[in-house]
Amino acid sequence: MHPSRPLPHAPRRAVRLALTAVAVGTLSFTTACSSDSGSDRSDAKGLTEVTLALDWTPNTNHTGIYVAQQLGWFKDAGIDLKIVPYGSTSPETLLAHHKADFGISYQEGLTAARSAGQDITSVYAVTQKTNVTIAVSADREDISSPKDLDGKTYAGFGAAYEKPLLRSVIRNAGGTGEFTSVTLNTSAYSALYAGKADFAMPMPTWEGLEAKLSGKPLKNFELTDYGFPEIYSTLIASSDQYLKANGATAKKFLDAVARGYAYAVEDPAKAADLLIKANKGVLTNTELVHESEQLLADSYYRAADGSLGTQSADRWKAFADFEYKAGLLSDADGKKLTAAPDTSSWFTDDYLPEKS
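Here the sequence shown stands for residues 1 to 356, where the numbers follow this note's numbering.
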């Protein structure tokens with residue numbers, strides 16, 4: 001990995017969850033999106049301006065969006081898409097305070113925000129399979145199951161959900177769930193590769209491939225193989241305020257997005273090229289981008305029924321129940337929830353393209 005460039009995937013889970021937690025209840029901040037979401041904004045060409053806040057530097061989780069933009073599908077739908085670079089304010093906070101129309105989010109972040117009463121709703125699941133694993137160096141013959149992680153050292157990012165998640169997986173595998181945890185942030189993977197830590201939680205579609213390409217392959221344990229609920233690692237969210245005021249635009253936007261991800265599934269190589277073309281200064285490791293795109297197209301973008309973007313009520317409930325039982329969810333006043341939240345309104349498929 002390039003040490004001077006922010007990692008595009010796993011560290012953002014901890015960074016953004018911290019930003020979301022800090023921003024709960026905070027109404028004063030500055031953003032590149034100065035106008036309130038939901039207002040009627042049209043440019044000189046009659047296109048409706050739509051803002052999308054990124055969750056990190058551009059990467060293969062964003063491919064469908066950049067494909068649709070590069071091929072002109074947003075303009076064809078009457079939309080002038082403004083992509084807002086990731087900054088010091090999380091997309092969840094921008095959406096909840098109506099400073100962006102859409103944003104890239106993830107189930108942990110949205111769950112924390114909704115539990116705290118923020119106005120944010122998931123409208124499109126980019127990845128349908130949990131895009132994070134527990135990983136160790138491939139040559140660790142002493143570790144063949146998560147139960148073997150008892151007493152070992154975990155290199156992580158300091159997010160509240162990490163320890164409960166790992167304990168759950170290790171215990172379900174037959175271990176005690178007792179391990180040492182060190183917060184290393186973006187140095188976590190370097191520590192793993194160097195043997196200074198025993199395990200970490202990378203994304204197989206990026207860090208896992210990066211390790212393989214650098215000659216330091218990893219051995220992965222899928223969370224769902226050990227009882228942990230499936231999660232939407234990457235999703236697109238909006239706010240109820242925006243959706244109610246701009247339903248037709250939201251549908252046009254997501255139709256173009258879905259076309260973009262369908263293109264990525266059908267031709268991941270060309271999709272990767274379009275993503276790189278749009279982000280030449282960021283995505284310099286083209287081999288990694290192409291391998292990542294192929295893996296996402298093969299195993300992550302489509303649901304089991306072949307659909308794109310769809311979400312499951314059971315999946316939302318299962319993860320929120322886990323977070324609640326682990327004591328990780330708080331209300332708008334920062335007090336721990338005393339009952340598991342009702343997640344039925346936390347997502348909607350109503351703005352997705354009609355199935356053919």
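C-beta atoms are modelled at their ideal positions from N, C-alpha and C, and glycine is treated no differently.
Is DSSP giving Y154 helix, strand or coil here? Along the sequence shown, one-based indexing puts residue 154 at 154. Reduced to three states, the DSSP call for Y154 is strand.
Would the stretch 203 to 223 count as touching the stretch 305 to 320 if we require 3 or more Cβ pairs under 8 Å? no
Coil, strand or helix - F347 by DSSP: What you label residue 347 is simply residue 347 of the sequence shown in a count that begins at 1. If DSSP states are grouped into helix, strand and coil, F347 belongs with the strands.
Hey, I123 and I236: beta-carbon distance below 8 Å or not? Taking the first residue of the sequence shown as 1, we reach residue 123 at position 123. Taking the first residue of the sequence shown as 1, we reach residue 236 at position 236. Going by the sequence as given, residue 123 is Val instead of Ile. It is a contact, given that the beta carbons lie within the stated cut-off.
I think L243 touches T89, with their Cβ atoms under 8 Å apart; what is that distance to the nearest whole Å? Locating residue 243 in the sequence shown gives position 243, where the first residue counts as 1. Locating residue 89 in the sequence shown gives position 89, where the first residue counts as 1. In fact, because the Cβ distance is near 21 Å, the residues do not count as touching under 8 Å.
From the DSSP output, in three-state form, read off T57 for me. By 1-based counting over the sequence shown, the position of residue 57 is 57. T57 falls in the coil class under three-state DSSP.
Under 8 Å between the Cβ atoms of F74 and A256? Residue 74 sits at position 74 when you count from the first residue of the sequence shown. Residue 256 sits at position 256 when you count from the first residue of the sequence shown. Result yes, Cβ atoms of F74 and A256 sit closer than 8 Å.
DSSP state of A237 mapped onto helix, strand, coil: Counting from one through the sequence shown, the residue named residue 237 turns up at place 237. Residue state, collapsed to three classes: strand.
Rounding to the nearest angstrom, what Cα-Cα distance links K82 and S238 in this structure? Numbered from 1 along the sequence shown, position 82 holds the residue referred to as residue 82. Numbered from 1 along the sequence shown, position 238 holds the residue referred to as residue 238. One C-alpha to the other measures close to 15 Å.
Where T286 falls, given that 16 or more other Cβ within 10 Å makes a residue buried: Indexing the sequence shown from 1 puts residue 286 at position 286. Exposed, because fewer than 16 other Cβ atoms sit within 10 Å of the Cβ of T286.
Which one of Y232, D225, D150, Y161 has the shortest CA to CA distance from S312? In the sequence shown, counting from the first residue as 1, residue 312 sits at position 312. Of Y232, D225, D150, Y161, the residue nearest in Cα terms is Y232.
Please classify I83: does DSSP put it in a helix, a strand, or coil? Within the sequence shown, residue 83 is the residue found at index 83, counting from 1. Strand at I83.
Might you give, ordered along the chain, the residues of its own chain that have their beta carbon closer than 6 Å to the beta carbon of Y154, omitting 5 neighbours on each side? Within the sequence shown, the letter at position 154 stands for residue 154. For Y154, where only same-chain residues beyond five positions count, the Cβ hits under 6 Å are F179, S181, F199.
Return helix, strand or coil for G247, following the three-state DSSP convention. If you number the sequence shown from 1, residue 247 lands on position 247. In this structure, G247 counts as helix in the three-state DSSP scheme.
Unbroken stretches of the beta strand (DSSP E), 3 residues or longer, contained in the stretch 190 to 233: 218 to 222
For A135, the first and last residue of its enclosing beta strand (DSSP E): The count along the sequence shown starts at 1 and reaches residue 135 at position 135. That run of the beta strand (DSSP E) goes 133 to 137.
Helix, strand or coil: which one does DSSP assign to I276? In the sequence shown, the residue the question calls residue 276 occupies position 276. I276 falls in the helix class under three-state DSSP.
Taking the continuous beta strand (DSSP E) assigned at T183, which residues delimit it? Numbered from 1 along the sequence shown, position 183 holds the residue referred to as residue 183. Per DSSP, T183 belongs to the beta strand (DSSP E) from 180 to 183.
Sufficient close CB pairs (3 or more, under 8 Å) joining the stretch 276 to 291 to the stretch 216 to 232: no
Under the criterion of a Cβ to heavy atom distance below 7 Å, does I236 qualify as lining the ligand PLP? Although the ligand PLP was asked about, the structure shown includes no ligands whatsoever.
According to DSSP, is F29 helix, strand or coil? Sequence index remark: in the sequence shown, residue 29 carries index 29 (1-based). Note on F29: pLDDT 42, under 50, position unreliable in the model; no value is reported.
Taking the alpha carbon of G227 as the point to measure from, which residue in S168, S137, V282, T234 has its own alpha carbon closest? For the purposes of this step, residue 227 is taken as the residue at position 227 of the sequence shown. That would be S168, whose Cα lies nearest to the Cα of G227.
With a threshold of 8 Å between beta carbons, is Q241 in contact with chain B? Looking at the structure shown, chain B is missing, and only one protein chain is on hand.
When you compare the CB positions of V265 and Y301, do they come within less than 8 Å of one another, or not? Against the sequence shown, residue 265 aligns to sequence position 265. Against the sequence shown, residue 301 aligns to sequence position 301. It is a contact, given that the beta carbons lie within the stated cut-off.
Spatial neighbours of G177 within its chain, please: C-beta separation below 6 Å, excluding the five flanking residues on both sides. Residue mapping note: residue 177 aligns to position 177 of the sequence shown, counting from 1. These residues qualify, in order along the chain: R167, I170, R171.
For the beta strand (DSSP E) containing S168, list its first residue and its last residue. The residue labelled residue 168 in the question sits at position 168 within the sequence shown. That residue, S168, is in no beta strand (DSSP E); its alpha helix (DSSP H) goes 162 to 172.
Where does S330 fall in DSSP's three states? Start at 1 with the first residue of the sequence shown, and residue 330 comes out as number 330. Strand at S330.
Along the alpha helix (DSSP H) that carries I65, what are the first and last residues, could you check? Here residue 65 is taken as the residue at index 65 of the sequence shown, counted from 1. Segment 63 to 70, the alpha helix (DSSP H) holding I65.
Which residues does DSSP pair with V123 in a beta bridge? Along the sequence shown, read from residue 1 onward, the residue named residue 123 stands at position 123. Its beta-bridge partners do not exist; DSSP assigns none.
Best match in D333, K270, K129 for proximity to D305 [C-alpha to C-alpha]: As a working note, residue 305 is residue 305 in the sequence shown. Checking every option, the nearest Cα to that of D305 belongs to K129.
Relative to the C-alpha of A173, which candidate in K196, D148, P164 has its C-alpha closest? Indexing the sequence shown from 1 puts residue 173 at position 173. Checking every option, the nearest Cα to that of A173 belongs to D148.
Would you mind working out which of P268, P91, D119, A339 sits nearest N293, comparing C-alpha positions? If you number the sequence shown from 1, residue 293 lands on position 293. The sequence shown places Glu at residue 293, rather than the Asn named in the question. Checked all of P268, P91, D119, A339; the closest Cα to E293 is P268.
Just mark P8 as buried or exposed, buried being the case when its beta carbon has 16 or more other beta carbons within 10 Å. The count along the sequence shown starts at 1 and reaches residue 8 at position 8. Note that P8 has pLDDT 37, beneath the 50 cutoff, so the model's placement of it is unreliable and the number below is only indicative. That one is buried.
Alpha carbon to alpha carbon, how far is D119 from S187? Give it in angstroms, no decimals. Taking the sequence shown and counting its residues from 1, the one referred to as residue 187 is at position 187. Taking the sequence shown and counting its residues from 1, the one referred to as residue 119 is at position 119. Taking the straight line joining both Cα atoms gives about 34 Å.
For the candidate residues A326, D350, D349, whose alpha-carbon lies nearest to that of P164? Here residue 164 corresponds to residue number 164 of the sequence shown, with the count starting at 1. Considering only alpha carbons, the answer is A326.
Indicate the three-state DSSP secondary structure (helix, strand or coil) for S105 in the structure shown. On the sequence shown, position 105 is the one that residue 105 refers to. In the structure shown, S105 sits in a strand (DSSP, three-state: E or B).
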